[in-house]
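Trainee: Sending over a structure as structure tokens; questions will come in a sec.
In mature numbering (1 follows the signal peptide of the UniProt record, and there is no 0), the protein residues as written are -28 to -1, 1 to 83.
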């Protein structure tokens, strides 16, 4: 089987890329330096006047009589409950205290 060296293919491809970059730059500079041809102004067309549109008169709405509703009875609310001005303070349970003559157990640090 024939073995093709990769470096033999890379060198011509590199040359092609470098020459294409240079021509693109030259073409871009050439476009920037050229001036565009002057375009003659076209005359503005005259539009015909539009006819004035007349709207029909607004129709009159007849006055409607106000409806009469029957009177509803007012509901009676129950009286608001009365709270005393000064509320008694709640009593909290007492916390038992430990006697002072109790000693904690001794701990030993033995390995």
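Cβ atoms here follow ideal geometry from the backbone N, Cα and C, with glycine treated the same way. A quick note: this is a predicted structure, and the numbers were derived from the prediction, not measured.
Any heavy atom of the ligand SAH closer than 6 Å to the CB of residue 38?
Mentor: In the structure shown, the ligand SAH is absent, as is every other ligand, since no ligand is present at all.
Trainee: Just how far apart, CA to CA, sit residue 145 and residue 51?
Mentor: Coverage of the chain is limited to positions -28 through 83, which leaves residue 145 absent and any answer about it impossible.
Trainee: Put residue -17 into one of helix, strand or coil per three-state DSSP.
Mentor: Of the three classes helix, strand and coil, the one that applies to residue -17 here is helix, per DSSP.
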